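K.L.:
In terms of mature numbering (1 follows the signal peptide of the UniProt record, and there is no 0), the sequence shown is residues -19 to -1, 1 to 33.
For every residue, glycine included, the Cβ atom is placed at its ideal position computed from N, Cα and C.
Computed from a prediction, not measured in an experiment: that's the story for all the values here.
I have a structure here, written as structure tokens, and I will follow up with some questions on it.
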Amino acid sequence: MARLSLVCIGLVLLATVWSSSLNIEGSSKRVLVLLDNLAIRESHSYYFKQLR
């Protein structure tokens, strides 16, 4: 019984990792960056330009 639950958990984890790596509709993966201060944006502008 314990082995069955470990196999089920493993399959769920495998499916989760696999589905997160899919590239849906050919779009590129994007990262949402939330800034709470404009000074952070200015001081890290080069880094944020590289994310585009």
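What is the C-beta distance between Leu16 and Arg22, in whole angstroms, given that I count them as a contact (C-beta under 8 Å)?
P.N.:
Right, their Cβ atoms sit about 5 Å apart.
K.L.:
With DSSP run on the structure shown, which of helix, strand or coil describes Leu(-6)?
P.N.:
Note: Leu(-6) maps to helix in three-state DSSP.
K.L.:
Hey, quick one: how far does the alpha helix (DSSP H) through Leu19 stretch, first residue to last?
P.N.:
It spans 19 to 24 - the alpha helix (DSSP H) in which Leu19 sits, taken as one unbroken run.
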